[in-house]
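Just so we're on the same page, my numbering is the position in the sequence shown counted from 1, plus 2.
Glycine included, C-beta positions come from ideal geometry on N, C-alpha and C.
Just so it is clear, the structure is predicted and the values come from calculations on it, not from any experiment.
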Amino acid sequence: MCFIIFNHYLMTKFFRAIRQNMIRDNKVIQYLLYAIGEIILVVIGILIALSIDNSNELKNTRIAEKVYLSEIKSDLIQDTLLLSQVINDHKWRIAQLMSQDSTIDFIFEEIIGELPKVEGVSQLEYIFFTDRQFRPKIGTYNSMISEGESNIISNRELFNSIQNIYELEAQDIITIGADILNRSTELRNKYAYEIKYGEYGSPIQITDKRILADIYISSGLLNYYTRQSVLLKGRITELIELIDNEYASLE
């Protein structure tokens, strides 16, 4: 903008000197024609300067957009790595629960994949442990939103996909994980006596129907949580590819 003002100042000063010479020489018609031409040239100069200014502003915006996309992609890659760990941990936990109750159905095998082979559980307390939960790396996205920069991502369909992952799908996983953690704590408290004084052999074999009933419910929750984690990982992987494509289009 300073360039525009300075450019306009120089042009005005230059043309003013020419007009004054024409007035002294009594060249009225030439003066009027020249004045009109001057106005046109000044307008053209301003438009060119504005175009340059807008071009620079757009360039800076695109640079900032690429930075955000790159950092969001980095966060999403970390999310897929954590989800892989979460999925493996919970598949192991499901296998442990199924070792205690053959009636438990592995209802999402097509999505989750084959379970690991386990030799059983050495202590009852381990049945009620909960594994790591998924917590997305959401710092870059939150920063972009809090700073009012959400419009900086020009591809609105891509932004909506990013928003959906962080604000809906990831939050659903967090909620389910919190429910599993709370249930795990409740069951450890509920069966504190059995955990401390019960004799179940090693590896343990549970026959208490109360415990088996709770294991059955827990296995259903873990199945669902693991299924949703696998689906989320797949959608994040697809989103990373979309970000790569968009980044390449900004080059």
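Q) Which of helix, strand or coil does DSSP assign to residue 202? A) Here residue 202 corresponds to residue number 200 of the sequence shown, with the count starting at 1. Coil at residue 202, not helix or strand.
Q) On the three-state DSSP scale, how would you describe residue 69? A) Stepping through the sequence shown from its first residue, residue 69 is reached at position 67. Helix at residue 69.
Q) Ordered along the chain, which non-local residues of its own chain (more than five positions away) have a Cβ less than 8 Å from that of residue 196? A) Reading the sequence shown from its first residue, position 194 is the one you call residue 196. If we look at residue 196 and ignore the five residues flanking it on each side, its Cβ neighbours are 126, 210, 213.
Q. Closest to residue 169 by CA distance: which of 147, 206, 105 is it?
A. As a first step, residue 169 must be located in the sequence shown, where it is residue number 167. The residue with the shortest Cα to Cα distance from residue 169 is 147.
Q: May I ask you to report which of helix, strand or coil DSSP gives residue 136?
A: Your numbering for residue 136 matches position 134 in the sequence shown. It is coil, neither helix nor strand.
Q: Tell me whether residue 110 sits in a helix, a strand or coil according to DSSP, three-state version.
A: Counting from 1 along the sequence shown, the entry for residue 110 is found at position 108. Here residue 110 sits in coil by DSSP.
Q: Could you pull the start and end residues of the alpha helix (DSSP H) that residue 248 belongs to?
A: For the purposes of this step, residue 248 is taken as residue 246 along the sequence shown, with counting starting at 1. 211-251 is the extent of the alpha helix (DSSP H) around residue 248.
**Q.** Own chain residues within Cβ distance below 6 Å of residue 204, not counting five before or after
**A.** Start at 1 with the first residue of the sequence shown, and residue 204 comes out as number 202. So the list reads 124, once near-sequence residues are dropped.
**Q.** Coarse secondary structure for residue 161, derived from DSSP in three states
**A.** As a working mapping, residue 161 is identified with position 159 in the sequence shown. Helix at residue 161.
Q) Counting along the chain, where does the alpha helix (DSSP H) carrying residue 188 start and finish? A) The residue labelled residue 188 in the question sits at position 186 within the sequence shown. From DSSP, the alpha helix (DSSP H) with residue 188 extends over 172-192.
Q: Taking 8 Å as the cut-off, decide whether the C-beta atoms of residue 181 and residue 138 are in contact.
A: Taking the first residue of the sequence shown as position 1, residue 181 is located at position 179. Taking the first residue of the sequence shown as position 1, residue 138 is located at position 136. It is not a contact, given that the beta carbons lie outside the stated cut-off.
Q | Nearest neighbour of residue 93, chosen from 75, 188, 113, 186 [CA to CA] | A | Indexing the sequence shown from 1 puts residue 93 at position 91. Cα-wise, what sits closest to residue 93 is 113.
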